[in-house]
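Under our numbering, the very last position in the sequence shown is 229; numbers go up by exactly one each time.
Each residue gets a CB set at the ideal place from its N, CA and C atoms; glycine is no exception.
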Amino acid sequence: FWLGNGAPAEAAFTAAVAVLIIACPCALGLATPTALLVGTGRGAQLGVLIKGPEILESTRRVDTIVLDKTGTVTTGRMRLVGLIPADGVDEAELLGLAGALENASEHPIARAVAAGALERLGGDLAPVDGFTATQGRGLQGVVDGHAVVAGRAAWLAEAWALRLDVRLTAARDDAESAGRTVVAVGWDGAVTGLLVVADTVKATSAQAVAELEALGLRPVLLTGDNE
């Protein structure tokens, strides 16, 4: 058209190529890489990391989304809300030894316990020797000459043969039924108390889950916490 109207060949070819790219990118093999570039770029803006083109293409077959709990569905800003010592155990001693052990960990629950101990007791927490963390189960270490363990009650029972008595079991069940997380503590061969930690669900979580379901996805909560 442009050549027929006396336009220079350069202008004619420029117009032709522009129409070809915009109107029919498939003709130049640009459709797929352009879509992938836009998709990965938009995902990055939303905080979604896409490993590669084949991953993006395979998302059309995804039917389930797995969500972490702490810091994802919840705020992750946990706080110590309860302290239940065993019979004959002093609250300050329970909080001091447990807080010192938890202070050596970076887990949100541990940080909440340590912060609660510092707030209630004041001063510095004791150092920990031989600190070991068992992922999803609990912590162990030596504090002030005591072999201290803290974590899930089931872990204390299985790994250390430390079992809750009737009163502590009832207190744990009550706290868990209220949606709180319970940390069992023991040292020197006995369960010495429970620490109750609370987290809050993000204000946007319910809407996000509803939107995922509206997309035909099945959200699943994958967490080490109690049901």
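Best match in the options for proximity to residue i [C-alpha to C-alpha]
i    : options               : result
A114 : A212, L217, T202      : T202
G195 : A33, R174, R182, L223 : R174
L96  : T225, A192, A210      : A192
L224 : A212, A177, G73, G101 : G73
T42  : Q209, P55, A33, A200  : P55
R232 : M80, G124, W189       : Because the chain spans 3 through 229 in this model, residue 232 falls outside it and cannot be assessed.
G124 : A94, V130, A149       : A94
T77  : V222, L32, S207, E213 : S207
D190 : A149, V222, A180      : A149
R44  : C26, L22, L58         : L58
Residue i versus residue j - alpha carbon distance
i    : j    : result
V52  : V187 : The sequence shown places Ile at residue 52, not Val. Distance between the alpha carbons of I52 and V187: 41 Å.
E12  : V75  : 58 Å
L82  : I111 : 9 Å
G147 : F133 : 13 Å
A159 : G90  : 20 Å
A177 : L39  : 49 Å
P10  : T36  : 31 Å
A161 : A210 : 38 Å
D92  : A180 : 25 Å
K204 : K71  : 10 Å
A17  : T34  : 23 Å
T61  : V50  : 13 Å
CB-CB length for residue i against residue j, believed under 8 Å
i    : j    : result
G138 : A152 : About 13 Å; that fails the 8 Å criterion.
G84  : V198 : 3 Å
V145 : L99  : 5 Å
A88  : L170 : 6 Å
L166 : A156 : Wrong, their Cβ atoms sit about 10 Å apart, outside the cutoff.
Neighbourhood of residue i by C-beta, 6 Å cutoff - its chain only, sequence neighbours within 5 removed
i    : result
A116 : G101, E104, N105
A14  : W4, L5
Tell me, please, whether the region 206-225 touches the region 64-74 by the rule of three or more beta-carbon pairs shorter than 8 Å.
yes
Hey, is the region 101-108 in contact with the region 118-131, meaning 3+ C-beta pairs nearer than 8 Å?
yes
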